[in-house]
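With this note's numbering as the guide, the letters of the sequence shown map in order to residues 5 to 75. Just so it is clear, CB atoms sit at the ideal spot from N, CA and C, and this is done for glycine as well. Small disclaimer: the values here were computed from a predicted structure and weren't measured.
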Amino acid sequence: MSFDDERIEDEEIQQAVDWRHYGDHDQSTSPDLEGKDILAIFIASIQTIFLPLVILAIFMFVIGILFGTFF
């Protein structure tokens with residue numbers, strides 16, 4: 005495949021999608037969020053922030069049990 009073939013293929017893809025539909029909205033306004041959207045964002049943020057801490061706490065607990073048992 006030559007560079008010309010890739011360029012022609014890219015142009016065909018660009019023409020197949022009407023990108024004006026995606027770029028013609030005002031991005032300065034925030035979308036209206038429902039309660040379930042806010043709840044989903046909150047749960048996702050908790051999972052992202054606290055999952056490493058929970059894994060670390062479990063790991064420290066297991067290490068503590070092992071040290072308490074064998075030493």
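Handout entry: heavy atom of the ligand GDP below 7 Å from I69 C-beta
Key = For the structure depicted, the ligand GDP is absent and the ligand set is empty, with no information on it obtainable.
Problem - Secondary structure of S32, DSSP reduced to three states - result: Here S32 sits in coil by DSSP.
Exercise for the section: Can you grab the Cα-Cα spacing for the pair F71 / A61, in whole Å? Expected result: 15 Å
Practice task
Assign L37 to one of three DSSP states: helix, strand, or coil.
Solution key: coil
Problem - Interface flag, S49 vs chain C, CB-CB below 8 Å - result: Annotation note: the requested chain C is absent from the structure, which comprises a single protein chain.
Problem - Nearest-angstrom Cα separation, counted from S32 out to A80 - result: The chain is shown from 5 up to 75; residue 80 falls before or after that span and cannot be answered.
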